[in-house]
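Since the structure comes first, as structure tokens, the remarks are kept for the end.
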Amino acid sequence: MKSNQIVLLDGGIGQEIYKRAGSPESKTLWSLQIMRDNPDIVVGVHKDFINAGSKVLSLNNYAATPSRLERVGMRDSFDEIHSLSIQLLNTAISESKYTRSDLSIAGCLPPLIASYTAEDRRGNKELFDEYILLIEQQIDDVDLFLVETMSSIKEIIVVTDALDHFGLGKYVSLTLDDDYPNLLRSGENLVDAIKLLEMKSADAILLNCSCPETISSALTKFKNIDIPFGAYANGFSSVKDLKFGKSVNVLEARNDLGPDEYLKFVMDWISKGARIIGGCCEIGPKHINRVSDQLHLNGYTTMKLRL
Numbered sequence: 000m001k002s003n004q005i006v007l008l009d010g011g012i013g014q015e016i017y018k019r020a021g022s023p024e025s026k027t028l029w030s031l032q033i034m035r036d037n038p039d040i041v042v043g044v045h046k047d048f049i050n051a052g053s054k055v056l057s058l059n060n061y062a063a064t065p066s067r068l069e070r071v072g073m074r075d076s077f078d079e080i081h082s083l084s085i086q087l088l089n090t091a092i093s094e095s096k097y098t099r100s101d102l103s104i105a106g107c108l109p110p111l112i113a114s115y116t117a118e119d120r121r122g123n124k125e126l127f128d129e130y131i132l133l134i135e136q137q138i139d140d141v142d143l144f145l146v147e148t149m150s151s152i153k154e155i156i157v158v159t160d161a162l163d164h165f166g167l168g169k170y171v172s173l174t175l176d177d178d179y180p181n182l183l184r185s186g187e188n189l190v191d192a193i194k195l196l197e198m199k200s201a202d203a204i205l206l207n208c209s210c211p212e213t214i215s216s217a218l219t220k221f222k223n224i225d226i227p228f229g230a231y232a233n234g235f236s237s238v239k240d241l242k243f244g245k246s247v248n249v250l251e252a253r254n255d256l257g258p259d260e261y262l263k264f265v266m267d268w269i270s271k272g273a274r275i276i277g278g279c280c281e282i283g284p285k286h287i288n289r290v291s292d293q294l295h296l297n298g299y300t301t302m303k304l305r306l
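Throughout the sequence shown, residue numbering follows numbering that gives the first Met the number 0, covering 0 to 306 in sequence.
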């Protein structure tokens, strides 16, 4: 990747859907249910991120792991939900100002039971098998897989082993303790996670779903690595209220992180060497559009991920 090239991801799809659907607090796994009830909302969110300048697009299937679906009695909907997620994204691309060849579609490999909760109850083989199912379900429809919100060394080992099983690229994103930027949310050291991913020949290491201040601090640990790296922060005031089994509707958005404020963080990350940029929860199309416009004004080329 050249120094003037930036891979531009999309933003917080689920939260944007949640807002446009009128904050459906009573819905279980609302971001998935809305694909059935109001597919036009999902298409609209994807399309707005595309037209804002995103070059790498995520499917709306972050919550569609077998474990999470099983917990709410929706395990039989696994195939349908994943099929809907790709169908609606493809519809959005066809209705946007770009063509499919301009963009990359990223399959999602999220935490299996909940965000910010380290998997410590199940063995590696059980987790590995679940990631294999997720990869097999998406592999024919995506250009790459984005591993998101990994909070422990154990998760990193298992998911990268699953990707290696298929010979796939490893784009792995970690989430950090917002009070201690040098630690994963499990309490394990960020530097140890970086060393592990270097040893596993990761294609890129990212930081996501942590506050932007945390990410700015943590990126100082990336100075001496040769692997491409990047970041996409969330816009929550805090995630401490998000307990196991709860939805992100219990969290509050910051009121000091509009598009201009987010851009300042992004430019700081780029100055530290980040070359893959986007947004997570509460970072919407306007944020991405502001970033895209400024990058182009500054002479950068925004691009998809080339495998």
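We put the CB at the ideal spot given by N, CA and C, even for glycine.
- At a Cβ-Cβ threshold of 8 Å, residue 234 and residue 253 count as neighbours.
- Between residue 195 and residue 224, the C-beta gap is not smaller than 8 Å, which leaves the two residues out of contact.
- DSSP assignment within the region 36-101 yields the following whole beta strand (DSSP E) runs of 3 residues or more, N-terminal first: 55-57.
- DSSP places residue 148 in the strand class (E or B) of the three-state scheme.
- Residue environment for residue 4: exposed (fewer than 16 other C-beta atoms within 10 angstroms of its C-beta).
- Residue 227 has its alpha-carbon roughly 14 Å from the corresponding atom of residue 277.
- Here residue 229 is buried: its Cβ has 16 or more other Cβ atoms, across all protein chains shown, within 10 Å.
- DSSP places residue 12 inside the alpha helix (DSSP H), whose first and last residues are 12-19.
- With fewer than 16 other Cβ atoms inside 10 Å of its own Cβ, residue 296 counts as exposed.
- Here DSSP, grouped into helix, strand and coil, assigns residue 105 to strand.
- Looking only at 73, 189, 85, 127, the smallest Cα-Cα distance to residue 163 is reached by 127.
- Apart from sequence neighbours up to five positions away, the residues of its chain that approach residue 160 with a beta-carbon distance below 7 Å are 127, ordered along the chain.
- Comparing alpha carbon positions, the residue from 273, 6, 290 closest to residue 257 is 290.
- Residue state for residue 261 is assigned as helix, using DSSP reduced to three classes.
- Secondary structure remark: continuous alpha helix (DSSP H) runs of at least 4 residues inside the region 172-214, in chain order: 189-198.
- When the Cα atoms are used, residue 34 and residue 44 turn out to be separated by approximately 12 Å.
- Pairing residue 86 with residue 137, the inter-Cα distance amounts to about 12 Å.
- Going by beta carbons, residue 63 and residue 31 fall inside the 8 Å limit.
- Here residue 301 carries a strand assignment [DSSP, helix/strand/coil].
- Take residue 21, set aside five residues on each side of it, and no residue of its chain has a beta-carbon closer than 8 Å to its own.
- A distance below 8 Å separates the beta carbons of residue 107 and residue 147.
- Shown here for residue 130: same chain residues with a beta carbon closer than 7 Å to its own, the five before and five after excluded, namely 108, 157, 158, 161 in chain order.
- Within its own chain, the residues whose Cβ lies closer than 6 Å to the Cβ of residue 185, once the five positions on either side in sequence are excluded, are 117, 150, 151, listed in chain order.
- In the DSSP assignment, residue 231 is bridged to 207, 277.
- Taking residue 170 as reference, the option from 1, 215, 55, 15 with the minimal CA-CA separation is 55.
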